[in-house]
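*Asks:*
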Amino acid sequence: MARPTGPVTWIHAASVGESISILSLVERIHAERPDLTLLVTTGTVTSAAIMADRLPRGVLHQYAPVDLPGWVRRFLDHWRPDLVLWVESEFWPTLLTAIASRKIPLVLINARVSQQSFKGWQRVRGTIGTLMQCFSLCLAQSEDDGKKLTALGARDVRVPGNLKFTAAPLPVDDDPLADISDQIGDRPVWAAVSTHEGEETIIAEAHRKIAENNDAVLTIIAPRHPIRGETVAHELSDAGYRIVRRSSGEAVTPDTQIYIVDSVGELGLVYRLAKIAFIGGSLIPHGGQNLLEAAKLGCAILHGPSMFNFKAIVDEMQQSGATEMAIDAVGIARAVTALLRDDGLRQTRTRAASDVAQRKSTILDAVMADLTPFLNGTGDQTTRDDAKAHCHARP
169 MARPTGPVTW
179 IHAASVGESI
189 SILSLVERIH
199 AERPDLTLLV
209 TTGTVTSAAI
219 MADRLPRGVL
229 HQYAPVDLPG
239 WVRRFLDHWR
249 PDLVLWVESE
259 FWPTLLTAIA
269 SRKIPLVLIN
279 ARVSQQSFKG
289 WQRVRGTIGT
299 LMQCFSLCLA
309 QSEDDGKKLT
319 ALGARDVRVP
329 GNLKFTAAPL
339 PVDDDPLADI
349 SDQIGDRPVW
359 AAVSTHEGEE
369 TIIAEAHRKI
379 AENNDAVLTI
389 IAPRHPIRGE
399 TVAHELSDAG
409 YRIVRRSSGE
419 AVTPDTQIYI
429 VDSVGELGLV
439 YRLAKIAFIG
449 GSLIPHGGQN
459 LLEAAKLGCA
469 ILHGPSMFNF
479 KAIVDEMQQS
489 GATEMAIDAV
499 GIARAVTALL
509 RDDGLRQTRT
519 RAASDVAQRK
529 STILDAVMAD
539 LTPFLNGTGD
549 QTTRDDAKAH
559 CHARP
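Quick note, this note's numbering runs 168 ahead of the 1-based positions in the sequence shown.
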């Protein structure tokens with residue numbers, strides 16, 4: 169792909185979560201700055217598929233270069249970016265130092281540092297301190313992230329908030345939504361979304377307990393990594409559950425107990441089919457997934473005990489009565505059953521979650537205000553020179 173003429177702003181988002189989190193920002197920059205070419209890079213096949221479907225027309229996508237000197241040099245020589253926006257906290261030393269060595273402004277956006285990563289980086293303070301000095305500006309998701317970034321050696325740290333909370337409601341293809349809704353009919357439905365290995369058997373056990381008092385219930389499971397769909401289906405089928413997989417094209421029948429949505433980019437479909445959503449990655453020590461995607465589509469939200477990646481928003485939701493924690497199959501079944509029986513309770517939870525989501529709508533404005541000098545090419549030249557000097561970059 170040839171480099172277009174004019175300034176190029178390069179945005180790197182390593183994987184699915186990071187890619188989705190920047191869509192609202194990409195759309196905003198693209199709308200307000202048509203003079204800029206936006207290049208988005210990702211590092212996984214799944215994130216590339218999502219970007220191909222959801223990036224605005226005219227925004228370019230490429231896979232990120234391998235973090236080796238030759239690959240990095242060829243990539244930078246070809247694209248010659250005028251600004252680099254690096255998303256979250258997956259740091260690639262060769263690439264970052266090469267960017268700084270060319271005096272290309274480099275901004276860390278939506279920055280997050282988990283407690284585990286923070287402890288690990290503290291053991292190699294020299295390395296992380298060098299990488300932090302490559303960034304002219306760091307925009308953190310939370311005050312806690314900002315403090316950790318400063319402790320690791322970042323220079324200019326600001327806290328506009330988490331871009332994941334600014335995303336538009338997840339899209340859906342109306343035709344499959346109508347078809348699957350017809351197949352389900354008036355059956356009660358709940359979903360477990362973005363599940364990880366070890367969680368699906370717990371969800372299936374919760375289904376069994378719910379079905380003891382409501383045998384018409386349909387459970388939807390959407391694995392975080394759709395490629396696991398076949399494995400999950402075999403595991404649950406062997407346990408005696410009647411399974412249908414979305415990827416197989418089979419229809420949901422009255423006998424179907426668990427519907428596995430193992431397709432890319434269809435959480436918007438799941439949240440519209442099921443108005444009760446259990447957030448995966450929270451029954452194992454993974455740290456959970458984004459709750460606000462469910463909140464924006466009118467779901468009552470449940471989650472497990474491990475939500476440390478989203479602590480601030482979980483705390484806010486719990487204080488607002490917008491979510492409930494369940495630690496095992498018994499707790500999940502009890503919570504889902506209560507929500508299925510009491511529509512008033514479900515609507516109260518849904519409204520509370522929606523209100524929390526609405527309060528996050530100003531984050532994008534704050535991020536844009538911080539980025540505008542860099543998008544205009546007026547970022548402090550002294551900052552760029554300092555980045556090169558302190559980053560110990562290779563030419």
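Quick reminder that beta carbons are idealized off the backbone N, C-alpha and C, glycines included.
How many Å lie between T550 and I481 at the Cα?
*Replies:* At T550 the pLDDT is 46, less than 50, meaning the model places this residue with poor confidence; the figure from the coordinates comes in the next sentence. One Cα belongs to T550, the other to I481, and the distance between them is close to 36 Å.
*Asks:* From the DSSP secondary-structure annotation, give me the bridge partner or partners of Y427.
*Replies:* I388 and V412
*Asks:* For Y427 and I389, I'd like the C-alpha separation in whole angstroms.
*Replies:* A straight line joining the alpha-carbon of Y427 with that of I389 spans about 6 Å.
*Asks:* Taking the continuous alpha helix (DSSP H) assigned at H454, which residues delimit it?
*Replies:* Counting along the chain, H454 falls outside any alpha helix (DSSP H), and DSSP gives it neither H nor E.
*Asks:* Please report the straight-line C-alpha distance between A490 and H198, rounded to a whole angstrom.
*Replies:* 34 Å
*Asks:* Quick one: give me the first and last residue of the beta strand (DSSP E) that W178 is part of.
*Replies:* V176 to H180
*Asks:* Output yes or no for whether 8 Å exceeds the beta carbon distance between G449 and H393.
*Replies:* Not closer than 8 Å, so no.
*Asks:* CB E403 to CB T369, shorter than 8 Å?
*Replies:* yes
*Asks:* Considering F446, what are the terminal residues of the beta strand (DSSP E) in which it resides?
*Replies:* I444 to I447
*Asks:* Does the segment 223-242 touch the segment 272-280, meaning 3 or more C-beta pairs lie closer than 8 Å?
*Replies:* no
*Asks:* Could you pull the DSSP bridge partners for M493 from this structure?
*Replies:* H471
*Asks:* Going by Cα to Cα distance, which pick from R502, Y409, K464 and D483 is closest to S529?
*Replies:* K464
*Asks:* Give a yes or no on whether the C-beta atoms belonging to T262 and L299 are separated by under 8 Å.
*Replies:* no
*Asks:* Only counting the same chain, and skipping five residues up and downstream in sequence, which positions put a Cβ closer than 8 Å to that of R248?
*Replies:* R171 and V176
*Asks:* Going by DSSP in three states, R326 sits in which element: helix, strand or coil?
*Replies:* strand
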